[in-house]
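A.B. asks: Sharing a structure below in structure tokens format, with a few things to ask.
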Amino acid sequence: MTTTITRPGESRAARLMTEWLDPKTWIIADAVLVGWHSDRLAGIGWGLLGCLFAAGIPLAFIKHGIRRGRWADRHVGQRPQRILVMTFASASVAGGLLLLRAFGAPRSMTALIAAMLVTLATLLAVTPAWKISVHAAVSSGSVAMLALTYGTWVLPASLLVAVVGWSRVQLDDHTPAQVLVGTAVGGVVAASTFALLR
């Protein structure tokens, strides 16, 4: 279990929200819930395989970098370091997508992983110039894809997207503009890709 450490003077609530509602959490939720909708237990199995490439392998890469002293924490705040991590993550997600397609995963599952890949590629294109919020983009895109899968009753989860954005600004990890743009980009790119491919 990961211990949540707050820096002096920072909001513990904001730190907890940033840690609990990080991209990995949303990726797992999407993979399990979209997987269940597509093919029940077998769909969850496909989702977990997608998670391995979209969250598990990238997180292992980040943790390896922390141990080697390449970056300070798993949120990788410095843009040059973020570019390296996002490039590695993109390659991992692309590999997972190819594997899912090769083994005949349900269309909605390959659409989900493809949407993650396109969103990540879009964020990677922006990151050299500006530190767009990955937390905000992933949370927004996740809620949008779940709404497309289960219907508009999922939309109240958008309150969690707002909490994620608040936490990133509160911790001085992002400006309000970086959070707002990340939210918009994540929602639009993920939803449009998922809707087109599923």
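Residue numbers (our numbering): 2 to 199. Every residue gets a Cβ at the ideal spot worked out from N, C-alpha and C, and that includes glycine.
What number of angstroms, rounded off, separates the C-alpha of residue 153 from the C-alpha of residue 27?
C.D. replies: Approximately 18 Å between the Cα atoms of the pair.
A.B. asks: Out of 148, 73, 173, which one is the CA nearest neighbour of residue 12?
C.D. replies: Comparing Cα positions, the closest option is 173.
A.B. asks: Kindly list the residues whose CB is nearer than 6 Å to the CB of residue 159, restricted to its own chain and excluding five residues on each side of it in sequence; keep chain order.
C.D. replies: Around residue 159: 144.
A.B. asks: CB-CB under 7 Å to residue 1, same chain, minus the five flanking residues each way: which ones, in chain order?
C.D. replies: As displayed, the chain neither begins before 2 nor continues past 199, which places residue 1 out of reach and without an answer.
A.B. asks: Here's a check: name, in chain order, each residue in its chain whose Cβ is nearer than 6 Å to the Cβ of residue 33, leaving out the five neighbours to either side.
C.D. replies: Around residue 33: 45, 48.
A.B. asks: When the Cα of residue 176 is compared with those of 135, 147, 139, which residue comes out closest?
C.D. replies: Comparing Cα positions, the closest option is 135.
A.B. asks: How big is the Cα-Cα spacing for residue 161 and residue 140?
C.D. replies: Answer to the nearest angstrom: the Cα atoms are 8 Å apart.
A.B. asks: Tell me the rounded alpha-carbon separation between residue 179 and residue 132.
C.D. replies: Rounded to the nearest angstrom, the two C-alpha atoms are 7 Å apart.
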